[in-house]
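Under the working numbering, think of the first position of the sequence shown as 184, with each following residue one higher.
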Amino acid sequence: MSKRILRINELIKREINQIILREIEFPANTLVTITRVETNANLAETRVYISCLPETQISKALQILKMNIYHIQQLLNQGLSIRIVPRIRFVEEIKTKEAGRIEEILVKIKKGKSV
Numbered sequence: 184m185s186k187r188i189l190r191i192n193e194l195i196k197r198e199i200n201q202i203i204l205r206e207i208e209f210p211a212n213t214l215v216t217i218t219r220v221e222t223n224a225n226l227a228e229t230r231v232y233i234s235c236l237p238e239t240q241i242s243k244a245l246q247i248l249k250m251n252i253y254h255i256q257q258l259l260n261q262g263l264s265i266r267i268v269p270r271i272r273f274v275e276e277i278k279t280k281e282a283g284r285i286e287e288i289l290v291k292i293k294k295g296k297s298v
């Protein structure tokens, strides 16, 4: 991946974090985090991966973000000073769940229990 795409990913992540923090309301006791951003090489689309605590609220959080995607996209277009602003798409982060499962297995192995 080129340095330019990496910089754009970080810029988009920072900007969307601020937009979500200021503009979007989630259910009480729900923490939504942007884990990573992946932008296509042609800057047509960017996937914003989110995780949620508690994990049972992930579908509700994605629903809220998708309902507000037009507003978020408008604010992103205004906030970024790049010629082409990619379309955003919110996706559930699966890698954090996989990492959590691996961590559980390692803890069990360390304690001497079978997996």
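A virtual CB, placed ideally from N, CA and C, is assigned to each residue, including glycine.
Following the DSSP letters along the chain, one finds LEU194 inside the alpha helix (DSSP H) bounded by residues 186-206. Bridge pairing for TYR232: ARG219 and VAL274 [DSSP]. Straight across, the Cα-Cα distance linking ILE203 with LEU289 is about 34 angstroms. Rounded to whole angstroms, GLU287 and GLU281 show a C-alpha spacing of 10 angstroms.
The C-alpha of GLN261 is placed about 12 angstroms away from the C-alpha of ILE267. A direct Cα-Cα distance of roughly 35 angstroms separates PHE273 from ILE292. LEU214 carries a strand assignment under DSSP once its states are collapsed to helix, strand and coil. By the Cβ test, the segment 232-249 is not in contact with the segment 186-199, since fewer than three Cβ pairs between them sit closer than 8 angstroms.
Beta-carbon to beta-carbon, SER234 and THR218 are separated by about 5 angstroms, close enough to satisfy the 8 angstroms threshold. Rounded to whole angstroms, the gap between the alpha carbons of PRO269 and THR239 is 29 angstroms. In the three-state reduction of the DSSP assignment, ARG266 falls in the coil class.
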